[in-house]
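By the UniProt record's numbering, the letter at position 356 of the sequence shown is numbered 356, and the numbering carries on one by one without gaps.
Every residue, glycine too, gets a C-beta built ideally from N, C-alpha and C.
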Amino acid sequence: MVNKLQRNINIVYALAFFHMFLLIVPVLVPFFQSKGLSLSEIFYLQAIYAGAIVVLEAPSGYFADIMGRRLALLIGALAHGLGFLWLNFADGFWGLVIFELILGLAVSMLSGADLALLYDSERALANDEGEHAQSLSQLGFTKSLAEGLGALFGGLLAMWSFDAMVLIQSLTAWVCLWMAFLVVEPPVDNAAEPGDRVVSLRDIYQHVAKGDRILRMVFIALPVYNLATVHVAWLIQPYWDNMGLSLALFGALWFAQSLTVALASKCGYVLEKTRGAVFALVVIGVLPVIGIFGMAWLGGWAGVALCFMLFFCRGLYQVILANALNRRIPGRFRATVNSLNSLLFRFGFILTGPFVGYLADMHGISTALNLLGVWSVLAFAVIMWPLIRAVKLLEANKVGVQRS
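What follows is the structure in structure tokens.
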């Protein structure tokens, strides 16, 4: 069993790689525009996608906790393959809506279950908390590397043919299903077999909302910072288009940004361990402000360069904040809490995404970026700074206990 659990960890990395090996991502906006969509419609489409995840996210995490992580991964991987298969035939706004709805199911089933399975497998192997952080770092690195390599090849394929790019994407998507079949179900906090587990939503609420203050604040911080980076990610392609860059350069730049996220994921654990959690949180809070305002005010290649700060921040918080969240959650409802956290982010996108797209369409990308810059300043003042103070207090209390 030990060997199978150890293999689980490697399979999760492999599944994450092929899930994020997305050839279409660096040229998604031009691809959707080739289907006749405007920038506003693209944001509406993403809002529908987010809406599907809002509806499915919490039930899918609950399903993974009750019925097992493996079954959730199998369903998610199957939907992932079917979604990209449908993209070969999708045309127009409503055809792409069907694509986004199927993909929404896939992301909902995969998002909480993969992370929960990784943690549960490591806990069953009696690994310590430090190894959890390193595994999260490796998972973030793997996802970002896959996204970067996919972007590099996707940009080149898009120069040749969008149809060929989508066909190859639909073939590689099915590897996720093969990986999901290889997973074994790990034990969860000495629980019974999948299907016999009991997860109390009241217990989840009490644990997250009424328990550890840092857990509660991290639970809010993750979706807020995700929103800032995702909005900019959807604006960056029309930003490049305004500069007159080729689709091949789209792929190369997306690869560079994904590589930045991957390297930051590796640095996140080291940064927190060597400089402390407070310093790491300050960096996470400040970098988006510099990156977003830099894009809005400088423009051109200077704006592109400063945008890398935002992607470096993304790699940091995906490790530091995600680990802070997961190490405070019992395994019996870890997938549900991760899904609920993702649900907050998706619901936030439904509320804000169409407005950002409309603003970019009607008043220009710089105006939308300035708004997101203000969002980042408010996020630091209202969310990150109180979290930093709470962590400082916790560290001071630990020092006091050690001295006594």
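Pairing L343 with I53, the inter-Cα distance amounts to about 7 Å. Note on the segment 296-323: there is no whole beta strand (DSSP E) run with a minimum of 3 residues. When rounded, the separation of the alpha-carbon atoms in S108 and A248 is 31 Å. E122 sits close to I9, with the two beta carbons spaced by under 8 Å.
V289 places its beta carbon 8 Å or farther from that of G348.
Going by DSSP, P330 is part of no alpha helix (DSSP H) at all; its letter is neither H nor E.
With contacts defined by Cβ atoms closer than 8 Å, G140 and A106 do not form a contacting pair. Take L222, set aside five residues on each side of it, and the residues of its chain with a beta-carbon closer than 6 Å to its own are L321, N341, in chain order.
Note on the segment 20-58: there is no whole beta strand (DSSP E) run with a minimum of 3 residues. When Cβ pairs closer than 8 Å are counted between the two stretches, the segment 79-97 is seen not to touch the segment 279-297, the count staying below three. If you keep only unbroken alpha helix (DSSP H) runs of at least 4 residues inside the segment 193-265, you get 201-209, 213-242. Inter-residue distance for V184 and D203 is about 27 Å (C-alpha atoms, whole angstroms).
A direct Cα-to-Cα measurement between P354 and L39 gives close to 10 Å. Here the alpha carbons of L245 and L23 stand approximately 18 Å from one another. Secondary structure at W86: helix, using DSSP grouped into helix, strand and coil. When secondary structure is reduced to three states using DSSP, D91 falls in the coil class, being assigned neither helix nor strand. Counting the other CB atoms within 10 Å of its CB gives Q318 a total of 16 or more, which places it among the buried residues.
Beyond the five residues adjoining it in sequence on each side, K392 comes within less than 7 Å, by CB distance, of V278 in the same chain, given in chain order. Burial state of W301 is exposed, judged by a 10 Å Cβ sphere holding fewer than 16 other Cβ atoms.
Rounded to whole angstroms, the Cβ separation of P238 and A360 is 7 Å, and the two are in contact under 8 Å.
Within 10 angstroms of the beta-carbon of A72 lie 16 or more other beta-carbons, which makes it buried. In its chain, beyond the 5 residues on either side, S137, G140, F141, S144, G315, Q318, V319 have a beta carbon closer than 7 Å to the beta carbon of S265. Annotation: F21 to A158 spans about 15 Å, alpha carbon to alpha carbon. In the three-state scheme derived from DSSP, where H, G and I count as helix and E and B as strand, V278 is classed as helix. Between the alpha carbons of D241 and Y205 lies a distance of about 45 Å. Shown here, G364 sits in coil according to DSSP, grouped into three states, outside any helix or strand. Rounded to whole angstroms, the gap between the alpha carbons of R328 and G285 is 22 Å. Here the C-alpha atom of S135 lies approximately 12 Å from the C-alpha atom of D120. Secondary structure of A381 (DSSP, three-state): helix. DSSP places L167 in the uninterrupted alpha helix (DSSP H) bounded by 162-172. Assignment of L5 by DSSP, reduced to helix, strand and coil, places it in the helix class. In the structure shown, the three-state DSSP call for L393 is helix. In the DSSP annotation of this structure, the continuous segment of the alpha helix (DSSP H) that includes V175 starts and ends at 175-182.
Residues A133, Q134, S137, V319 of the same chain have their beta carbon placed closer than 7 Å to that of Y269, with the five preceding and five following residues left out of the count.
In this structure, G251 sits away from A164, with a CB-CB distance that is not shorter than 8 Å.
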